[in-house]
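Visitor: To start, I am sharing the structure in question, which I have written as structure tokens.
Laid out in structure tokens, this is it:
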């Protein structure tokens, strides 16, 4: 019951922007690995990947021939993430630079509302350097965009490629798992920093944690302390134009996709009130009320 209520709250937060006109061509680069090919990757292939202008999985072993993918067999573990993302962006620049305006990098447990992403990036010029994503406020000056899902402009890709190719001291190839931090660190050395990634009301468009994870008071306080932008309890911090969600199961991806695109919604004669936020991000009160009913 709790999960069904969460689905309803999240879908309510997404519907306003889900049928927007496409603006700017987006290449989706999706990070997966052998154990997830038939679970997470398959769920993405069957859902939101179909909304991308083009998508490519990058992984450590071959996928079925009908699935667009790149294999880096020598980079098999999470510890190789930084080396892997460098090769992925190198491939994108050398082969697809002229074909796309924006480049989305997403984990295989993320769900992306592509219409909302298109609406958001449509407000910006892809010929200027931009990096968007959930923004943390540590490790790099002015923060970094979380690796669950972030998007860069064509110009940011060009600058990163040139930095990798011509200045190895600014952007060294090291063995590290936290590629999102290293990526932002490289860009910061050429004065490219994460751009604002919230809506006009300051609510989050990109989400790193599953709402159920926020039941942990330790985790909630960590986010409050290290988030670049103000963080509030679920669902207050969720923008109605939400772009990405993270740490989802394949079932949840399919459920969200069906609720967004499969269910027919009828117009009401009056608007519903906004959901009441849970105090300090804790869902225990909601859980108790559901159990009693």
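Numbering (UniProt numbering), first residue to last: 1 to 293. Don't be surprised by glycine CBs; every beta carbon is placed ideally from N, CA and C. If you're wondering where the values come from, they're calculated on a predicted model, not measured in any experiment.
1) Quick check on this structure: which residue in 24, 44, 157, 28 has the alpha carbon closest to the alpha carbon of residue 254?
2) Report all residues from its chain with a CB closer than 8 Å to the CB of residue 170; omit the five preceding and five following residues, and keep chain order.
3) Does the Cβ of residue 101 have 16 or more other Cβ atoms within 10 Å, making it buried, or fewer, making it exposed?
4) Which value, in whole angstroms, describes the spacing of the CA atoms of residue 239 and residue 134?
5) Can you tell which of 236, 248, 138, 193 has its C-alpha closest to the C-alpha of residue 209?
6) Going by C-alpha to C-alpha distance, which of 82, 27, 229, 251 sits closest to residue 137?
7) For the region 101–112 against the region 146–157, are there 3 or more C-beta pairs whose distance is under 8 Å?
8) Suppose the cutoff is 7 Å on Cβ atoms and the five residues either side in sequence are ignored; what does the same chain contact list for residue 195 look like?
9) Got a sec, what are the start and stop residues for the beta strand (DSSP E) residue 153 sits in?
10) Considering only the alpha carbon of each residue, which of 200, 26, 30 lies closest to residue 88?
11) So for residue 139, helix, strand or coil by DSSP?
12) May I have the straight-line CA-CA distance separating residue 63 from residue 172, to the nearest angstrom?
13) Just the C-alpha distance for residue 287 and residue 215, rounded to the nearest angstrom, thanks.
Guide: This is what the structure gives:
1) Answer by Cα proximity: 44.
2) These residues qualify, in order along the chain: 163, 186, 189, 190.
3) Taking a 10 Å sphere around the C-beta of residue 101, we find 16 or more other C-beta atoms and assign the residue as buried.
4) Going by the C-alpha atoms only, they are around 12 Å apart.
5) With distances taken between Cα atoms, residue 209 lies closest to 248.
6) Closest option to residue 137, Cα to Cα, is 229.
7) Contact between the region 101–112 and the region 146–157 is present, because at least three Cβ pairs lie under 8 Å.
8) Excluding positions up to five away in sequence, the list reads 130, 131, 132.
9) Per DSSP, the unbroken beta strand (DSSP E) holding residue 153 starts and ends at 144–153.
10) Considering only alpha carbons, the answer is 30.
11) Note: residue 139 maps to coil in three-state DSSP.
12) Roughly 30 Å separates the two Cα atoms.
13) Residue placement at residue 287 is poorly supported in this model, since its pLDDT is 41, which falls under 50; the coordinates still yield a value, given next. When rounded, the distance between both Cα atoms is 11 Å.
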